[in-house]
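Residue numbers (this note's numbering): 370 to 570. Using N, Cα and C, we set each Cβ at its ideal position, and we do this for glycine too. Model, not experiment: these values are computed from the prediction. See below for the structure under consideration.
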Ligand SMILES: C[S@@+](CC[C@H](N)C(=O)[O-])C[C@H]1O[C@@H](n2cnc3c(N)ncnc32)[C@H](O)[C@@H]1O
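Here it is, written out as structure tokens:
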């Protein structure tokens, strides 16, 4: 460690500053990956069209969420795809969130709102469409929240991770993207989107 610090202090000031900023940025991303349990990895470019295919033919949503919008790949694409919808991207990790805010200045999407915070602590009851690319534990927490808040007809499209106790109405596999699975769920008022347990009492 001391050797490393010696190397850094021996660098020209500009290079040392850049290195320290990059290390701090990496550390910040790491800390928030530990907090959320999900790294800010964007949806694969070849998975994105498959996610959109899963909503082809559906009516334009009024409000669509990208829960954990990371660097904005999905949220920006969603806002372009549905100019008539309000798209809300929510992100807790500060650097990806800041990146999205700066990106909005360059790639204007009037119908896209980027919110900072934990989507588990925000109301989601107005969602018609929910996109997510999370991981197992985060999906479990999200499922509990969706169960309580979203209404009949809400569509949930999840990249790679399933909602354990929900029944997907369609699943697509994307061989060109390491065989990623993409799930489509549709909430129904009668609860039939819930998985039927095979366990006998
Ligand atoms: C794998 S990335 C997906 C990014 C983007 N949705 C996409 O598909 O390109 C998941 C993001 O969710 C964020 N995240 C995880 N849990 C969150 C929470 N409870 N509230 C807000 N953001 C969260 C992580 O910080 C991470 O940036």
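Contact set for residue i: own chain, Cβ-Cβ below 7 angstroms, skip 5 residues either direction
| i | result |
| --- | --- |
| residue 464 | 394, 397, 398 |
| residue 557 | 521 |
| residue 471 | none |
| residue 411 | 439, 440, 442 |
| residue 413 | 546, 549 |
| residue 476 | 445 |
| residue 538 | 553, 554, 555 |
Member of the options whose CA lies at the smallest distance from the CA of residue i
| i | options | result |
| --- | --- | --- |
| residue 420 | 443, 478, 518 | 443 |
| residue 535 | 375, 516, 479, 451 | 516 |
| residue 482 | 457, 493, 552, 518 | 457 |
| residue 491 | 525, 447, 459, 449 | 459 |
| residue 424 | 563, 524, 562 | 524 |
| residue 408 | 436, 503, 466, 447 | 503 |
| residue 416 | 542, 561, 562 | 542 |
| residue 485 | 427, 448, 403, 436 | 436 |
| residue 324 | 506, 467, 518 | Residue 324 lies beyond the stretch modelled for the chain, which goes from 370 to 570, so this question has no answer here. |
In DSSP terms, what residue i is bridged to
| i | result |
| --- | --- |
| residue 455 | 432 |
| residue 563 | 535 |
| residue 427 | Bridge partners of residue 427: none, in fact. |
Residue i burial status per 10 Å Cβ neighbour count (16 or more: buried)
| i | result |
| --- | --- |
| residue 569 | Unreliable placement is indicated for residue 569, whose pLDDT of 41 sits below 50; no coordinate value is reported for it. |
| residue 372 | exposed |
| residue 387 | exposed |
| residue 375 | exposed |
| residue 564 | exposed |
| residue 405 | buried |
| residue 559 | exposed |
| residue 519 | buried |
Beta-carbon proximity list for residue i, same chain, < 8 angstroms, skipping 5 on both sides
| i | result |
| --- | --- |
| residue 508 | 501, 527, 530, 531, 532, 533 |
| residue 385 | 377, 378 |
| residue 489 | 510, 511, 514 |
| residue 451 | 429, 430, 433, 480 |
| residue 540 | 550, 551, 552, 553 |
| residue 381 | none |
Where the alpha helix (DSSP H) through residue i begins and ends
| i | result |
| --- | --- |
| residue 469 | 463–475 |
| residue 414 | First-last for residue 414: undefined, no H or E at that position. |
| residue 342 | This structure cannot settle anything about residue 342, because the visible part of the chain is limited to 370 through 570. |
| residue 505 | 505–518 |
| residue 450 | 442–450 |
Sequence-distant residues of its chain with Cβ nearer than 6 angstroms to residue i (five each side left out)
| i | result |
| --- | --- |
| residue 401 | 462 |
| residue 567 | Because the pLDDT at residue 567 is just 49, under 50, the model does not fix this residue reliably, and the value given afterwards should be weighed accordingly. Taken in chain order, the list of residues that qualify is empty. |
| residue 487 | 461 |
Boundaries (first-last residue) of the beta strand (DSSP E) holding residue i
| i | result |
| --- | --- |
| residue 541 | 539–543 |
| residue 527 | 524–528 |
| residue 482 | 481–485 |
| residue 553 | 549–555 |
| residue 498 | 498–501 |
beta-carbon residue i near ligand 2 non-hydrogen atom, thresh 7 angstroms
| i | result |
| --- | --- |
| residue 422 | No copy of ligand 2 occurs in the structure displayed; its ligands are ligand 1 alone. |
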